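A.B. asks: Just passing along the structure, written as structure tokens.
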Amino acid sequence: MEYFDVYDANKEKTGRTLPRKGSFLQEGEYQLIVLAIIERPDHRFLITRRSLNKKWAAGAWEVSGGGVMAGESSLDAVRREVKEEVGLSVSPEEGRLIYTYSNVDLKRGDNYFVDIYHFVKDFSEEDVTIEDSEAIDFAIVPFSEITKIKDAEGFLHYERILQAFEAEGYVPID
13 MEYFDVYDAN
23 KEKTGRTLPR
33 KGSFLQEGEY
43 QLIVLAIIER
53 PDHRFLITRR
63 SLNKKWAAGA
73 WEVSGGGVMA
83 GESSLDAVRR
93 EVKEEVGLSV
103 SPEEGRLIYT
113 YSNVDLKRGD
123 NYFVDIYHFV
133 KDFSEEDVTI
143 EDSEAIDFAI
153 VPFSEITKIK
163 DAEGFLHYER
173 ILQAFEAEGY
183 VPID
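Its first residue numbered 13, the sequence shown is counted upward by one per residue in the working numbering.
This is the structure:
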């Protein structure tokens with residue numbers, strides 16, 4: 013069974029852990045999630061389409077990411093998630109944390125912080141190996157294509173990615 017660390021409203025670990033599945037977070041309790049924006053030097057971005065077996069947002073397009081496990085740092089988690097989901101190794105030198113936001117849903121006990129990382133990495137389609145349980149497809153596209161996908165069928169975390177780029181002072185180039 014996988015566990016996650018419980019964080020307080022200041023994004024500090026409380027010393028408590030909870031099972032990843034079935035936990036209900038109270039007011040002032042959060043879990044930590046990570047997202048990885050992976051951009052090539054030619055300003056094309058790696059995106060994936062979620063597995064149809066996912067309970068939430070099955071078949072939706074997104075960037076790689078997931079939950080931080082108990083005892084794991086945010087950076088270690090984002091590197092692990094990228095490796096698991098798309099088979100790429102990203103190094104701390106290739107990117108950095110650019111934005112954090114929080115969500116509070118007391119009714120569902122779904123409170124979390126999300127750390128968004130931006131990596132610039134030279135890779136090709138042949139380097140990408142998607143994990144079937146995580147994704148059914150991937151694409152390497154200019155940001156304008158991500159906007160088109162968002163407008164046509166939706167793209168998970170799109171607005172937050174734009175906020176992250178704004179916080180970083182970055183404008184995607186097509």
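We put the beta carbon where it would ideally sit given N, CA and C, even for glycine.
Since the structure is predicted, the reported quantities are computational estimates derived from the model, not experimental observations.
Excluding the 5 residues preceding and the 5 following aspartate 20 in the sequence, name in chain order all residues of the same chain whose CB lies nearer than 8 Å to its CB.
C.D. replies: Result list for aspartate 20: Thr26, Gly40, Glu41 and Tyr42, in chain order.
A.B. asks: On the criterion of 16 or more Cβ atoms from any shown chain inside 10 Å, does arginine 28 qualify as buried, or is it exposed?
C.D. replies: Arginine 28 is exposed by the Cβ-count criterion.
A.B. asks: Under 8 Å Cβ to Cβ from aspartate 186, same chain only, skipping five residues before and after it: list those, please.
C.D. replies: Excluding sequence neighbours, aspartate 186 sits near His55, Pro154, Phe155 and Ser156.
A.B. asks: Which stretch, first to last residue, makes up the beta strand (DSSP E) that contains arginine 147?
C.D. replies: The question names arginine, yet the displayed sequence has alanine at residue 147. Alanine 147 -> beta strand (DSSP E) spans 147 to 154.
A.B. asks: Should aspartate 134 and proline 53 be called a contact, given that it needs their Cβ atoms to be closer than 7 Å?
C.D. replies: Yes, the Cβ-Cβ distance between aspartate 134 and proline 53 is below 7 Å.
A.B. asks: Just reading off the beta strand (DSSP E) that serine 114 is part of, what are its end residues?
C.D. replies: Its beta strand (DSSP E) spans residues 107 to 115.
A.B. asks: As a quick exercise: from Arg62, Leu44, Ile50 and Phe16, pick the residue whose alpha carbon is nearest that of aspartate 149.
C.D. replies: Residue Arg62 is the option with its Cα nearest to aspartate 149.
A.B. asks: According to DSSP, simplified to helix, strand and coil, what is leucine 174?
C.D. replies: Three-state DSSP puts leucine 174 in a helix.
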